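These notes are about the structure you will find just below.
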Amino acid sequence: MEKRSTKASSNDPKHKHDPDDEDFYLNNDDDEYDDDEDDDNDYDDYMDDTDDLEYTSSNASKYDPTPSVEIFTSQNSTVTPNSSYASTSLKNLSQSTTNQPDLSKSLTKRNIELDEEFKYEVLSPDKIVQYMTECIADVNSVLELTPTITRTLLHHFKWDKEKLMERFYDGDQDRLFREAHIVSPFRPNTYKRTTSSQSTRSSRLKEFCCEICFMQYTEDNMSGLECGHKFCKPCWREYLTTKIMDEGMGQTISCAAHKCDILVDDTSVMTLLQDPIVKIKYQHLITNSFVECNRLMRWCPAPNCSNAIKAQYFDAQPVKCDCGHVFCFSCGELWHDPVKCKWLKKWIKKCDDDSETSNWIAANTKECPKCQVTIEKNGGCNHMICKNQACRSEFCWVCLGPWEPHGSSWYNCNRFNEDDAKKARDAQEKSRHALQRYLHYCNRYMNHHQSLKLEQKLTASIREKMEEMQQHNMSWIEVQFLRKAVEVLCQCRQTLMYTYAFAFYLKRNNHSIIFEDNQADLEIAVEKLSGYLEREITSDNAVETKQKVQDKYRYCEQRRKVLLDHVHEGYDKDYWEYQEDL
Amino acid sequence: MAQRLQKELANFMRDPIPGMSLDRNLVEGNLNVWVINVDGAPNTLYEGEIFKLQFKFPQRYPFDSPSVMFIGNKIPEHPHIYSNGHICLSILTDEWSPALSVQSVCLSIVSMLSSCKAKSRPPDDERYVQTCRDPSDPKKTRWFFHDDSV
Ligand SMILES: [Zn+2]
Ligand SMILES: [Zn+2]
Ligand SMILES: [Zn+2]
Ligand SMILES: [Zn+2]
Ligand SMILES: [Zn+2]
Ligand SMILES: [Zn+2]
């Protein structure tokens, strides 16, 4: 369902013949930067608005004939799965979303090998503003426009200055400005009619009526954009404050006039606003759009961190913020080698998606054919008796027909092979199988996810052991092997966790079998190291312990490398085939 | 913003929209709620019918949009008007501008009624009426508009 604007509905054909507008209809081929498909219509309206400025209400009469749809929040299922297997994983699923920040916090100090080739810079909030100003000045040295117009244009091109330059010099600048919702600085006469009609009135009345507060003001108390719509300054201030503070809008605040989509530039906003709090919020919103639109920048996703990473080129590479958080530059998730961003995104969505819960219900429950109470089958017998005391109807689980004709074949439905029943059964089996497969990967993914969350606890207990060992004749340097072991353990868990997201979408072939073997090897090695660290570190035989721990974590590191190298090799040589439809 | 409402009221009285009149009894003393009597326009499907349209003005009006709905036991039967009186009209939400007014909203509603070719309720009427967040305030609903000519 597409959100719709009323703009298209008031597309008045008469404006097509307006001689002043004629040249706007040339050269209207497709444009990839056009985010509003009704752009030409917008422009029509826009001209329309300026034509009859005093008759705003007549514009409003072009009503929007649109039905609506109320959005529903997802309904909680009425049935709670009571199989412990399924319910645990479902519970885990919900935790996966709510606890994500915790996890990222605990992984904050992880040392992930960073690709030396991938050059990037960590920018503090101040540096972001500085960088934005530089970018604008840089482009402006060529375009020679005002910084505000340049910034609006850059924003329109998602801060890709090459694309802006290209479009700027391709000849049709009017169209470019129109698409960016700014008034062309080269065509001041476009809005002359409005301005002149207003000044005629003003010379007669000396005062303007603000169309928002209906009060009279002298000209210097009125303010407006290039589009010619003027309102009193207090009304502008109130309007901008509402947009900034209540609606969180920055770059995309348009003129206060109805259906006028000319954007309010930042100089106007900063001049009109007085409250410093609103001004600061606005500036933040502006840099936010600068960072978010810029393909070569990404906010650090760690909670309470306001740094941004600026890279030289766009790639799925791990980056480390000054706050210590390591994440994927391309998608912002924790560094997730070996799975690719695309599949991880799909996986996370799947894990968050309620529909998995409904799949479980579809596979394990049915409704009583008589009273519709949801029934869960938990035994082998197909002879079902509705648990609803008022109903107590007896039916067959397999065909959902009444039980009576089944006679005494207590464990088998003698109508089993009838076509309808067969189809229903196949569909159910298929969904059950798909669900079991999903739960297999999901449980393992969640297991590592949960274990990683316990990292801080483990680190604390290992630190105690390190202290203890130092009291038993080991130097500080000598006990660092334990810290290293925890680090390797977590690194391996993080890798393993993401291998399940990778494996879930993988089609079975010879290489996927090798991959699964590698995965199993690493899994076993990791659990051994984990168990050893949790239970068997003693200061009694420190030297032997150290040797064992080192052997174990080195083996883990080695298995991890083998696994990752194999997956990377597969990316290079196209081993991997995916199941797109999962 | 009492001043603006005062002026809007004066404008509305001075320059009434055909078929619309202020329900005086309900306006006295309280400028924040208006009830407007709407007579179905001649030569439309609503000829001869009488409806009541209610405007509630929030504190921050006109920066915040008014809450507008039909009230009483006669709700126009229209594909964009729910049987609880809620109206699906984009200028009441997404496209609200402080430069709009009671008059402009009224004109939109008149035009919406006049252009109706067949009386019906929105397709999701039953569901919406049962589940909308606040039956007394359509602004609590998150409205989605989509292209569908009547
Ligand atoms: Zn004003
Ligand atoms: Zn404007
Ligand atoms: Zn950070
Ligand atoms: Zn990624
Ligand atoms: Zn029953
Ligand atoms: Zn049966």
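If you're matching them up, the sequences are chains A and B in order.
Counting from 1, one number per residue, gives the positions in the first sequence under the UniProt record's numbering.
Counting from 1, one number per residue, gives the positions in the second sequence under the UniProt record's numbering.
All C-beta atoms in this analysis are idealised placements derived from N, C-alpha and C, irrespective of residue type, glycine included.
These figures come from a predicted structure and were not determined experimentally.
Checking contacts by CB at 8 angstroms: is B/Phe63 closer than that to chain A?
yes
Compare the Cα-Cα distances from A/Lys161 to each of A/Lys453, A/Ile513, A/Ala137 and report the closest residue.
A/Ala137
Taking the alpha carbon of A/Lys573 as the point to measure from, which residue in A/Phe231, A/Val269, A/His511 has its own alpha carbon closest?
A/His511
Using a C-beta to C-beta distance shorter than 7 angstroms, which residues of chain A count as neighbours of B/Ser97?
Ala256, Ala257, His258
With 16 other CB atoms within 10 Å as the buried threshold, where does B/Lys140 fall?
exposed
May I ask you to list, following chain order, the residues of the region 210 to 223 of chain A that have a beta carbon less than 8 angstroms from some beta carbon of chain B?
Glu211, Ile212, Cys213, Phe214, Met215
Does the contact criterion of 3 or more C-beta pairs under 8 angstroms hold for the region 455 to 466 of chain A versus the region 511 to 520 of chain A?
no
Consult DSSP for A/Glu394 and reduce its assignment to one of helix, strand or coil.
strand
Strictly below 9 angstroms CB to CB, what residues from chain A border B/Lys7?
Cys213, Phe214, Met215
Whose Cβ in chain B lies nearer than 7 angstroms to the Cβ of A/Tyr239?
Phe63, Pro98
Please classify B/Leu5: is it buried, with 16 or more other beta-carbons within 10 angstroms of its beta-carbon, or exposed?
buried
CB contact flag (A/Cys213, B/Gln59, <8 angstroms):
no
Quick one: grab the DSSP three-state call for B/Met69.
strand
Does at least one heavy atom of ligand 4 sit under 7 angstroms from the Cβ of A/His336?
yes
If you draw a straight line from the alpha carbon of A/Leu522 to that of A/Asn294, how long is it in whole angstroms?
38 angstroms
Does A/Tyr43 get closer than 8 angstroms to chain B when you measure Cβ to Cβ?
With a pLDDT of only 38 at A/Tyr43, under the threshold of 50, the placement of this residue in the model should not be trusted; the figure read from the coordinates follows. No, its Cβ sits nowhere closer than 8 angstroms to a Cβ of chain B.
First through last residue of the beta strand (DSSP E) which encompasses A/Cys232
230 to 232
Alpha carbons only, please: which of A/Glu527, A/Glu557, A/Leu506, A/Gln519 is nearest the one belonging to A/Trp347?
A/Leu506
Is any heavy atom of ligand 2 found at a distance shorter than 7 angstroms from the C-beta of A/Ile262?
yes
Going by DSSP in three states, A/Cys490 sits in which element: helix, strand or coil?
helix
Using a threshold of 8 angstroms, state whether the C-beta atoms of B/Val105 and B/Val68 are closer than that.
yes
Give the range of the beta strand (DSSP E) segment to which B/Val38 is assigned.
33 to 39
For the pair the region 542 to 556 of chain A and the region 176 to 188 of chain A, tell me if three or more CB-CB distances fall below 8 angstroms.
no
Under 8 angstroms between C-beta atoms, does A/Cys235 make it to chain B?
yes
Inter-stretch contact at 8 angstroms, needing at least 3 Cβ pairs: the region 255 to 266 of chain A / the region 216 to 236 of chain A:
yes
I'd like the list of long-range same chain contacts for A/Phe231, defined as Cβ closer than 6 angstroms, with 5 residues on each side in sequence excluded.
Cys210, Ile212, Ala256
How do the region 432 to 452 of chain A and the region 495 to 503 of chain A stand: do at least 3 beta-carbon pairs fall below 8 angstroms, yes or no?
yes
Report all residues for which the CB-ligand distance to some heavy atom of ligand 1 is below 5 angstroms; order them along the chain.
A/Cys210, A/Ile212, A/Cys213, A/Cys232, A/Cys235
Give the DSSP bridge partners of A/Cys328, in chain order.
A/Pro318
Same chain, Cβ closer than 8 angstroms to A/Cys331, five either side skipped, listed in chain order
Ala316, Cys341, Leu344, Lys345
Within 5 angstroms of ligand 3: residues by beta-carbon to any heavy atom:
A/Cys300, A/Ala302, A/Cys305, A/Asn307, A/Cys321, A/Cys323, A/His325
Which of the three DSSP states is assigned to A/Trp347 in this structure?
helix
Roughly how many angstroms separate the alpha carbons of A/Tyr441 and A/Tyr500, rounded to a whole number?
6 angstroms
Which listed residue (B/Glu77, B/Lys7, B/Lys52) has its alpha carbon closest to that of B/Ser114
B/Glu77
Where does the unbroken beta strand (DSSP E) through A/Tyr120 begin, and where does it stop?
120 to 123
Under a Cβ-count criterion, where at least 16 other Cβ atoms within 10 Å of its own Cβ denotes burial, should A/Gly250 be classed as buried or exposed?
buried
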